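Data first, discussion second: the structure below is written as structure tokens.
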Amino acid sequence: MATTFDILAAAGRAGLGSEGAASASASASGMAQRVREWAQSVAVQVEAECQELVEIAGASVRCTEMTWESVSGDAFRVKVHDDVVENVAVREYLGDGAVQVRASGEAVAGALDALAVLIGGAGAALDTALMSLGSIEDVLDDVVVHAERVGAFALKSALTAHMSDPLLAQAGGTLASFGR
Amino acid sequence: MSVETTLGRAVQAPRGYQVQIKVDTTQVFEASRTLDSLMERYRGVNERLVPLMAQVSALAALDSSVAGSAAQGSLATAMGKLFVLVESTRLLVWAVGQAATAYEQAEARANQLLAEYGNVAVPVFDALSAFGYNPETLNITMTKDGVKVSADPKSVRARLDVWLEQQENQEGMKRATGFLAKAAEITGLTGDLKAYTEVQETAPDYLDPANPIPLPPPPVGAPPRTSAEASRWIHRGHEYAHQATDTYTRDHLGLSTEWDGILIQEYTDQTTGETIYTVLIPGTDGDPLDVGSYGNGGTLSWESNPAAADHLNNPGRTPADSPAAVQLALQALQVAGVPEGARIGFVGYSQGGMIAAALAKNPAVRSRYRVDMLVTQNTPVHGQDLGGTPHLDITHQQDPIHRLQPNHPGYQPTEQVWVGEGDGMDIDDHSAHATADAAWGTEAAHEQSRVLGDFFDGDYVAGETHVYAGTTRDPYASESDLEFHKVAGLANGANAVAQEANIRLPYLHAVPSAHINPNDVLYTADRGIQYVDETLIQPADRWVAEHLPDITIGDFNLQDPIIWDPLNRGTGKPPIPMPDDGITYYSPDPQLFGEPTGASGEPELAGAPGGVGGNF
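Just so you know, the protein sequences line up as chains A and B, in that order. Take 437 as the starting number for the first sequence in my numbering and just add one per residue. Take 157 as the starting number for the second sequence in my numbering and just add one per residue.
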């Protein structure tokens, strides 16, 4: 007749711990990828606005190429020139912003990837601990003692903690709010 | 905005013409519309950045690194600047639109002023400056009978033509020509023919293709039949006569005096045996900047031009009162043995054309010979009444010289051939060489000429060529003799002119030229220049330097220009037209216009123009 330890060991061999962790880990990894794609998309849209500003500046300069020889004409050209200089400054800010958006997306995605690894690792460690209970021959009451001895509870807590990291919920909520 | 006109000086509408001031605001309004669309695009960028900014902020909330907040900061700064750009462009749209509207108002005002002046000759420049308008931005058109003539100062040629059409200007030109001729005579720079000679030793056959003058080959042996051929014929004759004369008188005879030649060419009909003659008078000889050559004795010198023009205006003079070149031609015809009743044709280039025309209508010549042809090139003889002589005129479109003599109403040459292209004026196109080249490149100049065809109606081939040279000085005068004569003549002439004009020169006194020491004259001239410099030029310089800082036109200070800022809405109006208290406008007829109605400091865009002393 199978003992309790045999049953726990069988649960460990069957991947009772890693099975739940794997789903959470994959979810974190997928979220990381979606964050990357999202950040990339935002950066591309910012860069598209930069290009629009380039075209506006070109049209502004062409506007000054007409012959208008007077004090007003001079003032007009000076003002358009100043605006084009400002346009260039805006483009620089936007270009820098696009770079930073990509970096930020990568940072968040990296954090999610790291979390996925932690979850996966914690699940696997829990399975290993459960499997080690199969070599123990004792009464049922000793199961808790032995489980504590092999660290199963601590591993379970760690797994639970990783799986409930606020970043996962925040990222998931944020992505969902922007339709990602 | 199309700007074709730069008016720095007064331009006035001659009688019979209407000046319309037109400001082409198309481009300015177009700029306003373009800027408006650019403003919308700026605003569109900013609007699209709003949701992006929200996403960046959400991303930054997840990001524990600095990248998120940095992105947030960059986009926020960009959006702030974009907002300023949108507003800035909006103001620029407004300012440009206001400027265009102001131009239109100024145009209406200027035209109103011109209309109210009626037939009073009012400089357009004055009309514009009445309200401080910058005339350099205007496009001014001049029309006559509804046809655009152009008042664009760049089109000097068109304006000169308009000017020359006016009777009073024609009279003025004639008076000026007469005065210059008289002045040249008084100063001794022109005079009677003192000596002449036939240039025999160095004169090869005019049509000899082996002659050393590097010119385009003429139709050897045959007379010219087209204007293009005639132009080359004239070019060659002009160069040949000058060079042959100079070579003979300077190199061969060693004379210091200046001589100019004319060329008589025989043509004989191979069928009938009749011999006809062409008399070619070259153009002006010498460099106008070569002051030392003045008064050396040339019959076709620069200073003899007024005499030639004046002679055309006074055809009744006897040969003795005619210019030296006319006297030389008459003498040459006799010496060359041209028989009475012979058919002759006069041909002239530039000044030579004026002499040729004068000869063609000279009663003494016409009573002795059959004057059957006149050919002129780049000559101010247009419209001169030439007594019915068939007249072919060849003129380069861009030559300014032929416009220096007023037209005679109703007269046109029998054939008028314009050669070359362009609507400007270029003194280089006056040359015989440039005109010959231009004629060769002009299709119309290759058509058969009726005037040439009628004169050379037969089987004519070129025969003997004669060059006769003449001078207005003692032919053997030395260089020092010539210098003394010139300086003394100038001094005496200056005194004579001053007395005529009732001016007492400070250092010169009328004395016979023979008593004047040239060195004294030069010394006096130096002191005269110093006197003018000290009493006029230097004080004027000081006055300008002193007053320039106080002079402003609109917002524009002459010494320290200030550029108007279109964003400064506080002024409320663009600077054009801008009222200016410093500009005083004087109307030509105080009874007609009365006192100014506009308050000082405000542009008066409707109502009567300002009167005497009114400030605008």
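Heads up, the beta-carbon is just placed ideally off N, CA and C, and yes, glycines get one too. As the structure is a computational prediction, the values presented were derived from the model and not from experiment.
| query | result |
| --- | --- |
| Using the beta-carbon of each residue, which ones in chain A are nearer than 9 Å to alanine 588/B? | In chain order: nothing, as chain A lies at least about 39 Å away. |
| Select from His467/B, Thr474/B, Asp441/B the residue whose C-alpha is nearest the C-alpha of tryptophan 458/B. | Asp441/B |
| Taking beta-carbon pairs under 7 Å, can you tell me which members of the region 243-265 of chain B lie near chain A? | Ser244, Thr245, Leu248, Val252, Ala255 |
| Excluding the 5 residues flanking aspartate 716/B on each side, which residues of the same chain have their C-beta closer than 6 Å to its C-beta? | Low confidence applies here, because aspartate 716/B scores a pLDDT of 39, under 50, leaving its location unreliable; read the following figure in that light. Once the five neighbours on either side are set aside, aspartate 716/B has no close Cβ partner at all. |
| Take asparagine 461/B and list the residues in its own chain whose beta-carbon comes closer than 7 Å to its own, dropping the five residues that flank it on each side. | Thr440, Gln507 |
| Within a Cβ cutoff of 7 Å, which residues of the same chain sit near alanine 600/B, ignoring the five residues on either side of it in sequence? | Val573 |
| Please state the DSSP three-state secondary structure of leucine 436/B. | strand |
| Could you tell me the alpha carbon to alpha carbon distance between valine 222/B and serine 540/A, rounded to whole angstroms? | 8 Å |
| Under the three-state reduction of DSSP, which class applies to tyrosine 663/B: helix, strand or coil? | With a pLDDT of 44 at tyrosine 663/B, under the threshold of 50, the modelled position of this residue cannot be trusted; read the value that follows with caution. Looking at tyrosine 663/B - three-state DSSP - the assignment turns out to be coil, as it is neither helix nor strand. |
| Which residue from Arg470/A, Val537/A, Ala495/A puts its Cα closest to that of tyrosine 198/B? | Ala495/A |
| For the region 225-239 of chain B, which residues have a beta carbon sitting closer than 7 Å to at least one beta carbon of chain A? | Ala226, Ala227, Ser230, Leu231, Thr233, Ala234, Lys237, Leu238 |
| Sorted by chain position, which residues of the same chain lie with C-beta nearer than 7 Å to glycine 533/A's C-beta, five sequence neighbours on each side aside? | Val482 |
| List the endpoints of the continuous alpha helix (DSSP H) containing histidine 394/B. | 383-402 |
| Can you tell me the Cα-Cα spacing of glutamate 422/B and leucine 456/B, whole angstroms? | 23 Å |
| Taking 8 Å as the threshold (C-beta atoms), are threonine 627/B and threonine 427/B in contact? | no |
| For the region 481-514 of chain A, which residues have a beta carbon sitting closer than 7 Å to at least one beta carbon of chain B? | Gln481, Val482, Glu485, Glu488, Leu489, Ile492, Ala495, Ser496, Cys499, Met502, Thr503, Trp504, Glu505, Ser506, Val507, Ser508, Asp510, Ala511, Phe512, Val514 |
| If I measure Cβ to Cβ from arginine 616/A and keep anything under 6 Å in the same chain, skipping five residues before and after, which residues do I get? | Arg470, Trp474 |
| DSSP puts alanine 625/B in a beta bridge; with which residues? | Thr353/B, Gly417/B |
| Mapping DSSP to helix, strand and coil, what is aspartate 348/B? | coil |
| Just checking: is the beta-carbon of glycine 533/A within a distance shorter than 8 Å of some beta-carbon in chain B? | yes |
| Expressed to the nearest angstrom, what Euclidean distance is found between the alpha-carbon atoms of serine 285/B and alanine 187/B? | The pLDDT assigned to serine 285/B is 40, lower than 50, so where the model puts this residue is not dependable; a value taken from the coordinates is nonetheless given after this. Looking at the two C-alpha atoms, the distance is approximately 27 Å. |
| Report the rounded CA-to-CA distance for isoleucine 709/B versus arginine 513/A, giving the unit in angstroms. | Any reading at isoleucine 709/B is ruled out, since the residue's pLDDT is 43, under 50, leaving its predicted position unreliable. |
| Per DSSP, what kind of secondary structure is glutamate 243/B in: helix, strand or coil? | helix |
| Measure from the C-beta of glutamine 606/A to each C-beta in chain B and report whether the shortest distance is under 8 Å. | yes |
| Out of curiosity, what's the CA-to-CA distance linking isoleucine 390/B and asparagine 325/B? | 31 Å |
| To which residues of the same chain is histidine 394/B closer than 8 Å at the C-beta, ignoring the five residues directly before and after it? | Leu436, Pro438, Gly439, Tyr505, Gly508, Ala588 |
| How big is the Cα-Cα spacing for leucine 608/B and threonine 545/B? | 12 Å |
| Using a cut-off of 8 Å between C-beta atoms, extract the partners of valine 478/A located in chain B. | Leu208, Gln211, Val212, Leu215 |
| Using the three-state DSSP reduction, which class does leucine 231/B fall into: helix, strand or coil? | helix |
| Within 8 Å (strictly less), CB to CB, does arginine 856/B reach chain A? | Missing from the structure shown is residue 856/B; chain B here goes from 157 to 772 and no further. |
| Taking buried to mean at least 16 other C-beta atoms within 10 Å of its own C-beta, is glutamine 211/B buried or exposed? | buried |
| Just the Cα atoms here: how many angstroms apart are glutamine 183/B and valine 524/A? | 26 Å |
| Give the single residue among Ala351/B, Gln487/B, Asp585/B whose Cα lies nearest to the Cα of glutamine 553/B. | Asp585/B |
| Give the interface partners of alanine 525/A over in chain B, defined as CB-CB distance under 7 Å, in chain order. | Lys237 |
| Taking aspartate 219/B as the query, report the chain A residues whose CB atoms sit under 7 Å from its CB, ordered along the chain. | Ser540, Ala543, Val544 |
| Along the chain, where does the beta strand (DSSP E) that runs through glycine 501/B open and close? | 499-505 |
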